[in-house]
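Shown next, in structure tokens, is the structure this report addresses.
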Amino acid sequence: MNKKTMVITGGARGLGRSGAERFLESREWRVAILDVNEQLLFSAADELAKKFGAGDVYPAVVDVTARQSVEKCFQGILQRFGRIDCLINNAGVTRDSMVHKMKEEDWDFVIAVNLKGVFNCAQAVIPHMKDRKSGSIINTSSVVGLYGNMGQSNYAATKFGVIGLTKTWARELGRDGIRVNAVAPGFTMTEMLQTVPEKVLAMMVDKTPLKRLGRPEDIANAYYFLASEQAAYITGNVLSVDGGIVL
Ligand code: CAA
Ligand code: NAI
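Numbering of the sequence shown is given in the working numbering, commencing with residue 5 and proceeding in unit increments.
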């Protein structure tokens, strides 16, 4: 069987790692996992290769903010797998502080990774998808990209921005058979939550009708659905996976 190829950024841990696992489990997809953290990336790739077979897993160390490296990286994936059917722009970072205390470098860093990184990876794959008249791009936004959040001006700007990119690309690329959607996770149990004070996390759970934090699998299932044929008529959509939280 000619398996499809999914590329996921920030694939070394958290939601990216869980997403990679969900696609590999189906046995219908090969996965390229991209991450800036070399050590974490290769240990994740080793574990996935042991579980699902080395032939279906391609790790690549890349910083999504570095355009030339991103382009080279996508060329490497195409050489290895011959096709890219889905790109998940999942890599993301936080540098939280109240707006009056936010450092310029923290603003610039978060914008570079969460927004420019998404643009860089999309630009690297879109020509290939246009040639094939087929493809799916999934951008990771956040509940913070829908409602805002105290302490996250930089992050909120990027996650609202990612929704703007999603809707714009859905309009531009639909004629080429490319679907573009976003997933907006709620607070989900990964290392990203380590900086969040206990009090704030408890408040978030309290505001969530399902009364728990998200699990990485909850988001991985949404990624998988949006990439699948079951979502063939869905584009420009933002799928909230957040237990119903209303901030
Ligand atoms: N929502 C509601 N209230 C919040 C809040 C939030 N996100 N963050 C802080 N507060 C409250 C605090 O509880 C505190 O309340 P009290 O004065 O009643 O005690 C008040 O705001 C001031 O907070 P701090 O004393 O902590 O102020 P600080 O300047 O020392 O720190 C901060 C500010 C860095 C923003 C810190 O409070 C913090 O890290 N807050 C959490 C921010 C957050 O939610 N980040 C999410 C990261 S995970 C993620 O981003 C993934 C995703 O997409 C959801
Ligand atoms: P995480 O911090 O656990 O993992 C992020 C991964 O991205 C790490 O492996 C990191 O090395 C990688 N990364 C960071 N900068 C990179 C760069 N410049 N180039 C390549 N890789 C880079 O975070 P988590 O929780 O898995 O988040 C994944 C995505 O989901 C992010 O976009 C995040 O904003 C979003 N999200 C997370 C939520 C949560 O509560 N965990 C909630 C809503 C959205």
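Glycine included, every Cβ here is placed at the ideal spot set by N, Cα and C.
Quantities reported herein were computed from a predicted structural model and do not represent experimental measurements.
Asked                                                                                                                       : Found
Cut-off 8 Å between Cβ atoms - residues of its own chain near Leu-205, not counting five sequence neighbours on either side : Phe-191, Leu-197, Leu-217
Closer than 6 Å: Leu-205 CB and nearest ligand 2 heavy atom                                                                 : no
Closest by C-alpha distance to Gly-247, when choosing among Gly-155, Asp-222, Leu-214, Leu-230                              : Leu-214
Cβ contact (3+ pairs, closer than 8 Å) linking the segment 136-154 and the segment 177-188                                  : yes
3 or more residues per run - each beta strand (DSSP E) lying fully within the segment 154-221                               : 182-189
Three-state class that DSSP yields for Val-242 in the structure shown                                                       : strand
Test item: CB-CB of Ala-42 and Ala-128 under 7 Å                                                                            : In the sequence as displayed, the identity of residue 42 is Glu instead of Ala. No, these two residues do not count as a Cβ contact at 7 Å.
Gly-155 Cβ short of 6 Å to ligand 1 heavy atom set                                                                          : yes
Distance cut-off 6 Å: Ser-22 Cβ against heavy atoms of ligand 1                                                             : no
Rounded straight-line distance, which links the Cα of Glu-109 to that of Gly-155                                            : 15 Å
Cβ neighbour criterion (16 or more within 10 Å) applied to Arg-175                                                          : exposed
Cβ-heavy atom distance, Val-148 to ligand 1, below 6 Å                                                                      : yes
Top-ranked residue by Cα proximity to Ser-101, from Gly-80, Lys-120, Thr-199, Ala-24                                        : Thr-199
Among Asp-135, Asp-89, Thr-69, nearest to Asp-112 - alpha-carbon criterion                                                  : Thr-69
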